[in-house]
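Notes follow once the structure below has been shown.
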Amino acid sequence: MCGVVACRMPGAAAPFLVDALRLLEYRGYDSAGVAILTTAGTTVSSRTTHRVDTLERQLDALEQAGVTGALSGTGIGHTRWATHGAVTEANAHPHLDCTGRISIVHNGIIENAVELRAQLEAERHVFASEVDSEVVSHLIEHELRSGGGLREAVTAATGRMRGSWAVVALDAQSGALVAAAHRSPLLVARSEKGVFAASDINAIAQWVDLFQAMRDGDVVELGEQFAWTRAGTGVTPPPFVSSIWSGTSHGLAGHADFMGKEIEEQPETAARIIDELAPRIANGSLWAELQLPPFERVAVLGCGTSLNAGRVIANAFGSLGDVPNSSLIASEGQSAIVEPRTLVIALSQSGETADVLRAIDDLDLGTSALVALTNSDHSTLARRADSMLNCNAGPEIGVAATKTFVAQVITGVAMALSALAATRRIDREYARRQVDDLRRIPDLLAHAIAASQKAIPPLIDEIRDAQGYLFLGRGSGVVYAAEGALKLKELSYRWAEHYPAGELKHGPLALVEAGTPVVVIDSGDRRIESNIAEVSARGGRVIRIGGAGSTIPALGLSLGTPMPGGIDRWGPLESVVPLQILARELALALGRDVDKPRNLAKSVTVE
Ligand code: F6R
191 MCGVVACRMP
201 GAAAPFLVDA
211 LRLLEYRGYD
221 SAGVAILTTA
231 GTTVSSRTTH
241 RVDTLERQLD
251 ALEQAGVTGA
261 LSGTGIGHTR
271 WATHGAVTEA
281 NAHPHLDCTG
291 RISIVHNGII
301 ENAVELRAQL
311 EAERHVFASE
321 VDSEVVSHLI
331 EHELRSGGGL
341 REAVTAATGR
351 MRGSWAVVAL
361 DAQSGALVAA
371 AHRSPLLVAR
381 SEKGVFAASD
391 INAIAQWVDL
401 FQAMRDGDVV
411 ELGEQFAWTR
421 AGTGVTPPPF
431 VSSIWSGTSH
441 GLAGHADFMG
451 KEIEEQPETA
461 ARIIDELAPR
471 IANGSLWAEL
481 QLPPFERVAV
491 LGCGTSLNAG
501 RVIANAFGSL
511 GDVPNSSLIA
521 SEGQSAIVEP
531 RTLVIALSQS
541 GETADVLRAI
551 DDLDLGTSAL
561 VALTNSDHST
571 LARRADSMLN
581 CNAGPEIGVA
591 ATKTFVAQVI
601 TGVAMALSAL
611 AATRRIDREY
621 ARRQVDDLRR
631 IPDLLAHAIA
641 ASQKAIPPLI
651 DEIRDAQGYL
661 FLGRGSGVVY
671 AAEGALKLKE
681 LSYRWAEHYP
691 AGELKHGPLA
701 LVEAGTPVVV
711 IDSGDRRIES
721 NIAEVSARGG
731 RVIRIGGAGS
741 TIPALGLSLG
751 TPMPGGIDRW
761 GPLESVVPLQ
771 ILARELALAL
781 GRDVDKPRNL
791 AKSVTVE
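Each residue of the sequence shown is one higher than the one before, starting from 191 at the first, in the working numbering.
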């Protein structure tokens, strides 16, 4: 995880680094730090185990003390999600070499750090932290001793490293700034405002229109011109990509937090995506554009919320077109066997999740094809897949995935319908009727928001002190129950589990006692009534999400006009809204930071 940023600009670097780090904070918020070049040929560094706001105050204090008067427009910054070493200031980036000449920021894992550290310590390098990243600054220091500049030293240093890295190194002596990437995302860009590098385009989108995504092994010197090399030899630079979210507001726009904002953006996001995709669904052209081979079965893979979205899509392939389907937890991908002629759909909103990237590396695809469904078309996953479909959710800043789930489901279902129509598993007229149903989703989501905002806040007092929560569904509702339990766990830090409602009596019913909150997604299967009765008989507090008369009447059923095609194709998508709002309201009542839940980060680039 971690967020990396660097700049070389005419004005002061500090305000830019702080702004960019704020936008990268979702990648980790265990500590933050910057190193800025001074006009005297040294660097000033500031680090904190608190949030970026504290870092900004520290930098202001430095300025008031007169230190930053000599600072230049060149600097590097970092926001950390701890993997190696505790959350301490000593472990916070930037890390220095023994002399203070070299500062580095790093995202990734140096797998042979223990070995490298032992070698460097034997050569009398003194380490100041416990983190793997610190070997990078000392390796560069070591390589600089053989002559050559920073780019050569970074090339030689990274040549000795195993693992993954997005590194930017700053040389106080020459003022050089060099970036290196391998299996961790890093983008570089130049505009009239200056030269930039960042883990994520969102961090710098307000200053640049075009950027270049570094490829594995690239080393680039961020000077007047960019010098692109790999293993010391010049390489063709990657293409310029336009930053589609440049100018997009990253503010809260009056909302209390990003999660609340992103929940409310769902109807509009869904409408935009459906408008864009609809003309290409029933005629099969969306599928044709992907240029993928014929398939006999579908397998989805991903982690967390993306895996849940994948399961909805897999269910849609099955229920709409009788396509055999399966789902795969990416972190367990090493044991998976892909049958011939499988369409493998890898889902990841960031496109950088290490478990997903490892799984696609490990899979023996043979005659099967891999399509990426991601929110970032320049991501590593997008580049490695045979084809890519962008779910176009727009920037999602809250760590908990909300609108990207809805965007993935809609985009994936659209692809399923288009594939099924193109391969004549369903006829075009039937596909068109499904598209009509897709077009109803924005209204259903808007209705779900209104109903949930009314029904959920009064429930919170009653359930706030529960130590555990159960989520139940049946059929296509089960995966939404899974998503509800995941959201509640990550935001409230309380235990929550989901079960197919029928499984309750085979064990989990023992958990139910007086007052146990049991959230039931009632998507119309009449057998759920007896499962609800089993809970009520034991004094459980049933919170029914369903049609009119439910505790939370948020489903389309309550509009009196259920989807003509029935609910089983992609399940009650709007049920995710009350589940998100329930988790958020409970978390806020418990005093949690809903945008930055403890121990988590949005982009999980370690296995
Ligand atoms: C939950 C959540 C995580 C992510 C998971 C995969 O709210 O955000 O479970 O869904 O870490 O991340 P991506 O989609 O980036 O691969």
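C-beta: ideal position from N, C-alpha, C; glycine also.
#### Entry: Best match in V358, I503, F206, D567 for proximity to L340 [C-alpha to C-alpha]
V358
### Query
Just the Cα atoms here: how many angstroms apart are G736 and S540?
32 angstroms
### Message
Let me check one thing: in DSSP terms, what residues is R487 bridge-paired to?
### Response
T532
### Query
For A738, which of helix, strand or coil comes out of DSSP?
coil
### Query
Could you give the C-beta distance for G588 and F448, rounded to a whole number, given that I count them as a contact under 8 angstroms?
4 angstroms
### Message
Contact defined as beta carbons within less than 8 angstroms: I believe T495 pairs with E215. What is the distance between those atoms, to the nearest angstrom?
### Response
Not a contact, Cβ separation roughly 20 angstroms.
### alpha helix (DSSP H) segments (min. 4 residues) lying fully within the stretch 322-374
324-334, 340-349
#### Entry: Reference L213; option with closest CA among I294, N392, A225
N392
### Query
So what's M578 in DSSP terms, helix, strand or just coil?
strand
### Message
With a threshold of 7 angstroms (Cβ to nearest heavy atom), would E680 be considered close to ligand 2?
### Response
Absence of ligand 2 from the depicted structure is noted, with ligand 1 being the only ligands included.
### Query
Regarding C493 and ligand 1, is the C-beta to nearest heavy atom distance less than 7 angstroms?
yes
### Task
Could you tell me whether the stretch 499-509 touches the stretch 633-653, where touching means 3 or more Cβ pairs closer than 8 angstroms?
no
### Query
So A272 is in the alpha helix (DSSP H); what residue range does that whole segment cover?
Unbroken run through A272: none, as it is neither H nor E.
### Query
So, L518 versus V490, is the Cβ gap smaller than 8 angstroms?
yes
### Task
Would you check if the stretch 327-339 and the stretch 359-377 touch, i.e. whether three or more CB-CB distances between them fall below 8 angstroms?
yes
### Query
Since E797 is in the alpha helix (DSSP H), which residue starts that stretch and which ends it?
Premise fails: E797 is in no alpha helix (DSSP H) and is neither H nor E.
### Task
Tell me whether Q770 counts as near ligand 1, meaning its Cβ is closer than 7 angstroms to at least one heavy atom of that ligand.
no
### Message
Which same chain residues end up closer than 8 angstroms to P514 when comparing Cβ atoms and leaving out the 5 residues on each side of it in sequence?
### Response
E486, R487, V488, G508
### Query
Using the C-alpha atoms, what's the distance from D626 back to D655?
43 angstroms
### Query
Leaving out the 5 sequence neighbours to the left and right, which residues in its chain are closer than 6 angstroms to S475 when beta-carbon positions are compared?
none
### Query
A612 to L560, Cα distance in whole Å?
18 angstroms
### Task
Give a single yes or no on whether Q456 has its beta carbon closer than 7 angstroms to a heavy atom of ligand 1.
no
### Query
Which residues does DSSP pair with P690 in a beta bridge?
G663
### Query
Are there 16 or more other CB atoms within 10 angstroms of the CB of K451, so buried, or fewer, so exposed?
buried
### Task
Would you mind working out which of E331, E305, A403 sits nearest S293, comparing C-alpha positions?
E331
### Query
Taking the Cβ atom as the reference point for each residue, do S220 and T239 lie within a distance shorter than 8 angstroms?
For clarity, residue 220 is Asp in the given sequence; the question names Ser instead. Taking 8 angstroms as the Cβ cut-off, D220 and T239 qualify as a contacting pair.
### Query
Is V794 near ligand 1, going by C-beta to nearest heavy atom under 7 angstroms?
yes
### Query
For E246, which residues from the same chain have a beta carbon less than 6 angstroms from its beta carbon, with the 5 sequence-adjacent residues on both sides left out?
V208
### Query
Beta carbon of K593: closer than 7 angstroms to some heavy atom of ligand 1?
no
### Task
Please indicate yes or no: does the CB of L635 lie closer than 7 angstroms to some heavy atom of ligand 1?
no
### Message
Under 8 angstroms, with one C-beta from each stretch per pair, do the stretch 341-350 and the stretch 385-400 reach the 3-pair mark?
### Response
no
### Query
H296 lies in the beta strand (DSSP E); which residues open and close that run?
292-300
### Message
Taking 7 angstroms as the limit between beta carbons, can you name the residues of its chain near R198, skipping five residues before and five after?
### Response
G263, T264, L367, G384, V385, L412
### Query
First and last residue of the beta strand (DSSP E) that includes W418?
416-420
### Task
May I have a chain-ordered list of the alpha helix (DSSP H) segments no shorter than 4 residues that lie completely inside the stretch 708-739?
718-727
#### Entry: S765 CB to nearest heavy atom of ligand 1 below 7 angstroms
no
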